[in-house]
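Here is the structure we will look at.
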Amino acid sequence: SAVISQKPSRDICQRGTSLTIQCQVDSQVTMMFWYRQQPGQSLTLIATANQGSEATYESGFVIDKFPISRPNLTFSTLTVSNMSPEDSSIYLCAGEGVGEQYFGPGTRLTVT
Amino acid sequence: GIQVEQSPPDLILQEGANSTLRCNFSDSVNNLQWFHQNPWGQLINLFYIPSGTKQNGRLSATTVATERYSLLYISSSQTTDSGVYFCAVAETSGSRLTFGEGTQLTVNP
Numbered sequence: 050s051a052v053i054s055q056k057p058s059r060d061i062c063q064r065g066t067s068l069t070i071q072c073q074v075d076s077q078v079t080m081m082f083w084y085r086q087q088p089g090q091s092l093t094l095i096a097t098a099n100q101g102s103e104a105t106y107e108s109g110f111v112i113d114k115f116p117i118s119r120p121n122l123t124f125s126t127l128t129v130s131n132m133s134p135e136d137s138s139i140y141l142c143a144g145e146g147v148g149e150q151y152f153g154p155g156t157r158l159t160v161t
Numbered sequence: 011g012i013q014v015e016q017s018p019p020d021l022i023l024q025e026g027a028n029s030t031l032r033c034n035f036s037d038s039v040n041n042l043q044w045f046h047q048n049p050w051g052q053l054i055n056l057f058y059i060p061s062g063t064k065q066n067g068r069l070s071a072t073t074v075a076t077e078r079y080s081l082l083y084i085s086s087s088q089t090t091d092s093g094v095y096f097c098a099v100a101e102t103s104g105s106r107l108t109f110g111e112g113t114q115l116t117v118n119p
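Those sequence lines, one after another, are chains A and B. For the first sequence, the numbering used here assigns the number 50 to the initial residue and increments by one for each residue that follows. For the second sequence, the numbering used here assigns the number 11 to the initial residue and increments by one for each residue that follows.
Below, the structure written as structure tokens:
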């Protein structure tokens, strides 16, 4: 199984600012993903992070708002740009090895 | 896209009771996973079970892919089993997981 770490674990940010979340996987994975969990809701996929190329975004999510990088097989970043209170959520990174996905501990973001 | 429905949405048990959680999905899948989200928000992998039956201690799961449903069984429940249980699936065309709305389980002492 993959062990996934994220930082920061939590943050409180002012509206209009940006936050970059880092995700590190302890072993090589074929796929990396970013999910959002809004308060009291389920998880929604934001995008698939592709190594060395632009991420693949799901409907309703755009690169200008959520730029993603994946410079190598084990590291990825998600930036939440120009934040508003509606962006207050838990952001989770996931990695997939042989079929099964494993999740990081999440970054709990509060926007004031 | 694929639809995932979980039932029941909420479940309250006394410690020691058994329970069954259900996950229905609308299309063929190549991945089905059950997760437990603890009160601190961490998603814990329970089962990777696109088909068949697996058991791990007090927990077991069965997926009947041809009928598009999966069941998670919890026996002799403990207070530490409390939390939200999610079913997530990926269609045969890719790896992207679609999550159900979850079952909120509360186990009382």
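All C-beta atoms in this analysis are idealised placements derived from N, C-alpha and C, irrespective of residue type, glycine included. Please read these numbers as outputs of a predicted model, since none were measured by experiment.
Reduced DSSP secondary structure (H/G/I, E/B, other) of residue i
i, result
"Ala75 (chain B)", "helix"
"Pro119 (chain B)", "coil"
"Glu25 (chain B)", "coil"
"Glu15 (chain B)", "strand"
"Glu135 (chain A)", "helix"
"Thr89 (chain B)", "helix"
"Thr30 (chain B)", "strand"
"Gln87 (chain A)", "coil"
"Glu101 (chain B)", "strand"
With 16 other Cβ atoms within 10 Å as the buried cut-off, status of residue i
i, result
"Glu145 (chain A)", "buried"
"Ile53 (chain A)", "buried"
"Gln77 (chain A)", "exposed"
"Asp91 (chain B)", "buried"
"Gln87 (chain A)", "exposed"
"Gln16 (chain B)", "buried"
"Gly153 (chain A)", "buried"
"Gly170 (chain A)", "The structure shown has nothing for residue 170 (chain A), since chain A only spans 50 to 161."
Beta-bridge partners of residue i, as assigned by DSSP
i, result
"Ser118 (chain A)", "A:Thr126"
"Ile29 (chain A)", "An answer regarding residue 29 (chain A) cannot be provided, because it is not within the stretch 50 to 161 covered by chain A."
"Ser58 (chain A)", "Note: Ser58 (chain A) sits in no beta bridge, so no partner."
"Gly144 (chain A)", "A:Met81 and A:Tyr151"
"Arg157 (chain A)", "A:Arg59 and A:Ile139"
"Ser80 (chain B)", "B:Cys33 and B:Thr73"
"Leu68 (chain A)", "A:Val129"
9 Å Cβ cutoff, residue i in contact with chain E
i, result
"Ala75 (chain B)", "Absent from the structure: chain E. Protein chains present are A and B."
Any C-beta of chain A within less than 9 Å: which residues of the stretch 23-44 of chain B qualify?
Asn40, Asn41 and Gln43
Whole beta strand (DSSP E) elements within the stretch 36-65 of chain B, 3-residue minimum
39-47 and 53-58
Taking the runs of the beta strand (DSSP E) that are 3 residues or longer, which of them lie wholly in the stretch 91-118 of chain A?
Complete beta strand (DSSP E) runs here, min 3: 92-98.
Against chain B, which members of the stretch 52-72 of chain A pass a CB distance test of less than 7 Å?
Taking 7 Å as the Cβ-Cβ cut-off, the stretch 52-72 of chain A has no residue approaching chain B.
Taking only beta carbons into account, state which residues of the stretch 101-112 of chain B come closer than 7 Å to chain A, listed in chain order.
Ser105, Arg106, Leu107, Phe109, Gly110, Glu111 and Gly112
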